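Below you'll find the structure, written out as structure tokens, and then a few comments.
In structure tokens:
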């Protein structure tokens, strides 16, 4: 009785490891190829970016959507990205490939600031 | 308004010739069409129906009369005002109905809402119906989107310097149009910039201190409410260059409501919008378009009539609503 249990206990982690290997890096690549790269949203409303600080993994496409009744822009402090003017319901997307902290603001209402932290 | 109103200085605590209580009382009447004039240190108010007594001499005596409009936001079509062309037309009607015909107009910016050519075209078309044919513009932040102001300069910037600043004279009064909506920095306020400041210093250097000065720019040149970006970072330097003058009037827009401040020889005034109102500082989460009941909208939008009568230190500034 004890021996059987012992074998089962030993087999479980081995089986788990095998499953893990199959769905390892190879599996993630397959998912990306199917177009499921990470994405995140920032809502622009009431003269503010929400969330004000967004933390995402490298490779994420961030989409800003203007829900305010006044136009806004999304302009990087360091000229890394710059949207055209976004009227209500218009969107702007940017894919962050390099880790770092990206401050941005609305060039029409410069008191509106936000940050994307890419890890 | 047929009643004759009269206020005189009773208390001059700051020794600057302004009785604050009298001034504030006067300003409370301003919305209903009163005229507050500083005459030799005494603040006097007159009902709008008597404006012709003061301004009537404007045409005859070489005095000066002009109108300021602001923030037409052509292209805006949200609930706060679905018909900004209609309210701009109403403003033109108001201007055409003034008893003392203004000689020209100042537009203190946000002419368009999205810097689109058709928006500028529509404003040009509507303003052609106004009696004063000359219009002088300075840009708002909504006029310089997408192209760093290239289109604005092509349309309205003839003879201007740098980002579109310029000056001109009318009947002995010196007008200075400034641009404080370009190169805005993250977290910042309006900005004039080094090049423009140097130009201002040079522009007024040789003027006699008795020359009345009118400065017009989009974002207020005093700190109305920095939390909402309602101020200009480097305006103090510009005002320092104007310190020697006995009469300086600063006309701004941007905040879509009437506000006035007097500091020594400088009178600051912001105009109502012809498009939509915005909340008072801090009275809302954000400075966006403020919805009011439809029958109240035209009572909150408006124009500003400005008259200079020789011998008086301050220009007479009168705000009228569209309703």
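Protein chains in written order, with our numbering: chain A, 2 to 120; chain B, 1260 to 1582.
Glycine included, every Cβ here is placed at the ideal spot set by N, Cα and C.
Predicted model, so just to flag it, every value in this text is computed and none were measured.
At a cut-off of 8 angstroms between beta carbons, residue 64 (chain A) makes no contact with chain B.
Straight across, the Cα-Cα distance linking residue 1355 (chain B) with residue 1389 (chain B) is about 6 angstroms. By the neighbour-count criterion, in which 16 or more other beta carbons inside 10 Å mark a residue as buried, residue 50 (chain A) falls on the buried side. Cβ contact annotation for residue 1340 (chain B) (same chain, cutoff 7 angstroms, sequence separation greater than five): 1346, 1534, 1535, 1556, in chain order.
Put simply, the CB of residue 1409 (chain B) is far from chain A, with every gap to its CB atoms at 8 angstroms or more. For the 8 angstroms CB-CB criterion, residue 1395 (chain B) and residue 1403 (chain B) do not form a contact.
Taking the beta carbon of residue 1488 (chain B) as reference, the chain A residues within 8 angstroms of it are 110, 111, 112, listed in sequence order. Using a Cβ-Cβ cut-off of 9 angstroms, residue 1536 (chain B) is close to nothing in chain A; its nearest Cβ partner there is about 13 angstroms away. At a beta-carbon threshold of 8 angstroms, none of the residues of chain B lie near residue 83 (chain A); the nearest stands roughly 10 angstroms away. Residue 1544 (chain B) has no beta-bridge partner at all, per DSSP. Around the beta carbon of residue 67 (chain A), 16 or more other beta carbons lie within 10 angstroms, which makes this residue buried. Burial check for residue 1578 (chain B): the Cβ neighbour count within 10 Å reaches 16 or more, so the residue is buried. Scanning its chain for C-beta atoms nearer than 7 angstroms, with the 5 sequence neighbours on each side dropped, one finds around residue 1505 (chain B) the residues 1468, 1469, 1524, 1572, in chain order.
Within 10 angstroms of the beta-carbon of residue 1454 (chain B) lie fewer than 16 other beta-carbons, which makes it exposed. Here the region 1546-1553 of chain B makes no contact with the region 1359-1370 of chain B; the two share fewer than three CB pairs at distances below 8 angstroms.
Residue 1405 (chain B) belongs to the set of residues whose beta carbon lies under 8 angstroms from a beta carbon in chain A. For residue 47 (chain A), the nearest beta carbon of chain B is closer than 8 angstroms to its own beta carbon. Proximity of residue 1477 (chain B) to chain A, defined by a Cβ-Cβ separation below 8 angstroms, is not satisfied.
For residue 105 (chain A), the enclosing beta strand (DSSP E) begins and ends at 101-106.
Counting other Cβ atoms within 10 Å of its Cβ, residue 1338 (chain B) stays below 16 and is therefore classed as exposed. Taking 8 angstroms as the threshold, the shortest C-beta distance from residue 78 (chain A) to chain B falls below it.
Contact check for residue 1472 (chain B) and residue 1433 (chain B): beta-carbon distance about 5 angstroms, within the 8 angstroms limit, so the pair qualifies. For residue 65 (chain A), the enclosing beta strand (DSSP E) begins and ends at 61-67. About 4 angstroms separates the beta carbon of residue 1479 (chain B) from that of residue 1511 (chain B), a gap short enough to meet the 8 angstroms contact definition. For residue 1484 (chain B), same chain residues with a beta-carbon under 6 angstroms away, outside a window of 5 residues either side, are 1540 in chain order.
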